[in-house]
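Data block below; observations after.
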Amino acid sequence: DSRVPFSLFRSIFKDVLLEIRHEDEHSQYSRQGSKDESSKADNVVDFSVEDQWDSLSLRSQSSQKSTMSTDVTRFRFICEELNAPPEFVEVVGKRLLGLKSSGAASSTGGSAPELAKIVDFMADAFIRCTKHANLVLLALDDVQWMDEMSWKVVQAIFERGQNVLTLIGSRPPSANPLTVDKTFWSELHSKYQDDGRYLEIILQPFNEKEVQQMIASALDIGVNEIDSSFWRNVHTTSGGMPHYLTYALETIKRNNLTVKLDNGLVGLKSSEGDDDSKLGFGSVNELLLYRVDALDAAVRNALHLAAVLGNDFDLLDAALTYEHMFRVRNSERWESAMGLCSLLDIAIDEGILEQSFAVGDVTGDDADGDADVAGSNNEEEKID
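Numbering (the numbering used here), first residue to last: 20 to 403.
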């Protein structure tokens, strides 16, 4: 990803398009109506590639019933608002956001916009789409893998945004160089730090005492009740990293791996014998594999399906693929879908998958109609 321009910020940009307020939608609708009734003199920009929009499609990530119910409509609105040149349809719309033409390939003519202009456009679009919010949190993790152009967009938002709090996580830059602009990086540690706009916090792994406190909190026991072999093994296995430590403690608690030792203290079941082998695992990877192997075969099949579908996938796509994998009969499609949901819920509880909902996906009025909606879609979604 660090070698692909805008690889990180393209997904953020699509999410930001969903933040356009309804009053913007109404203004866009009104502007469209006035365009039909009068001349285009009052428009923000005479969008010369307007005819292309009807042949472009982009999967909508919102179920809101509004004049801007698709990403392509929102993108068009932002282009007009920011007076973007026509070539942005080709570069930003098609190449970055995934807009596809249903007809023959089209060209807007002219030269491709400079990367610096694309950076400015994406930063301005982010600020425009979120200007209604009192506070916007832009949270980015593992930015040591972030590409240079995405860094420039983040920089532009930082410098121009008035309501944006940027929270960035990275491995130590000394061992994992960042592709951020050197001048900007220097200003962060000088001017912006002096102005109170930049704060750097170095997070170290937990020490042995902190690991003892984590064990006591997770198992609801006293610190003095923990055998030394217990917390040393947990500390060694997790390396003191909070994320891995949480996995280790969840595994211990879920699988009841603790036992009262002869000395009256709480230890690991593996500590009763002479083998003191880090919870029975040689590394964190082995610990994670143990958690997956402990799952039922049906859950592992669902995880294999999720891995094939990719980093993000819709439940509907998973259900249809699941039907195809196991040759589900039409009369059993509902039961199959509900069964898959149960399997995925187990993976969510294990922290392997994360579940998210689009705004407006589920409401109180919709809850009772889920079965009817699924039934009405059966024929349309049929897989041969």
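We put the CB at the ideal spot given by N, CA and C, even for glycine. On a predicted model such as this, the values are computed, not experimentally measured, just so you know.
Practice prompt. Kindly indicate the opening and closing residues of the beta strand (DSSP E) around residue 279.
Written response: In this chain, the beta strand (DSSP E) harbouring residue 279 covers 277 to 279.
Fill in: Paired residues, beta bridge with residue 245 - DSSP
Per DSSP, the beta bridge partners of residue 245 are 285.
Fill in: Whole-angstrom C-beta distance between residue 355 and residue 342, which should lie under 8 Å
Indeed they touch by this definition, with Cβ atoms about 6 Å apart.
Practice prompt. Could you give the DSSP three-state label for residue 73: helix, strand or coil?
Written response: The pLDDT assigned to residue 73 is 37, lower than 50, so where the model puts this residue is not dependable; a value taken from the coordinates is nonetheless given after this. Helix, per DSSP.
Worksheet item: If you draw a straight line from the C-alpha of residue 352 to the C-alpha of residue 345, how long is it?
Response: Taking the CA atoms as reference points, residue 352 sits about 11 Å from residue 345.
Item to complete: Check the DSSP bridge columns for residue 39 and list the partner residues they point to.
Response: Looking at the DSSP assignment, residue 39 forms no beta bridge with any residue, so it has no partner.
Practice prompt. To the nearest angstrom, report how far apart residue 236 and residue 209 are at their CA atoms.
Written response: Rounded to whole angstroms, residue 236 and residue 209 show a C-alpha spacing of 40 Å.
Worksheet entry | Same chain, Cβ closer than 6 Å to residue 55, neighbours up to 5 away in sequence not counted | Legend: pLDDT at residue 55 = 46, less than 50; position of this residue unreliable, no value from coordinates given.
Discussion item. Among 199, 99, 227, 369, whose alpha-carbon lies nearest the alpha-carbon of residue 266?
Written reply: When 199, 99, 227, 369 are compared, the shortest CA-CA separation from residue 266 is found for 369.
Practice prompt. Please confirm if the region 162 to 179 is in contact with the region 198 to 205, defined as three or more CB-CB distances below 8 Å between the two stretches.
Written response: Output reads yes: the region 198 to 205 touches the region 162 to 179.
Item to complete: Identify the continuous alpha helix (DSSP H) that holds residue 146 and give its terminal residues.
Response: Unbroken alpha helix (DSSP H) run through residue 146: 134 to 148.
Practice prompt. State the DSSP-derived secondary structure class of residue 30, mapped to helix, strand or coil.
Written response: Helix at residue 30.
Discussion item. Mapping the DSSP letters down to three states, classify residue 270 as helix, strand or coil.
Written reply: DSSP places residue 270 within a helical segment (H, G or I) once states are collapsed to three.
Fill in: Proximal residues to residue 284 (C-beta, below 7 Å), its chain only, five neighbours per side dropped
Exclusion of the five residues before and after residue 284 leaves 244, 245, 246 as the residues of its chain whose Cβ lies within less than 7 Å of its Cβ.
Item to complete: Could you tell me how far apart the beta carbons of residue 231 and residue 250 are, in whole angstroms, since I believe they sit closer than 8 Å?
Response: Contact between residue 231 and residue 250 holds, since their C-beta atoms are separated by about 5 Å, short of 8 Å.
Item to complete: Compute the Euclidean distance between the alpha carbons of residue 163 and residue 92, then round it to the nearest angstrom.
Response: Straight-line Cα distance between these residues: approximately 34 Å.
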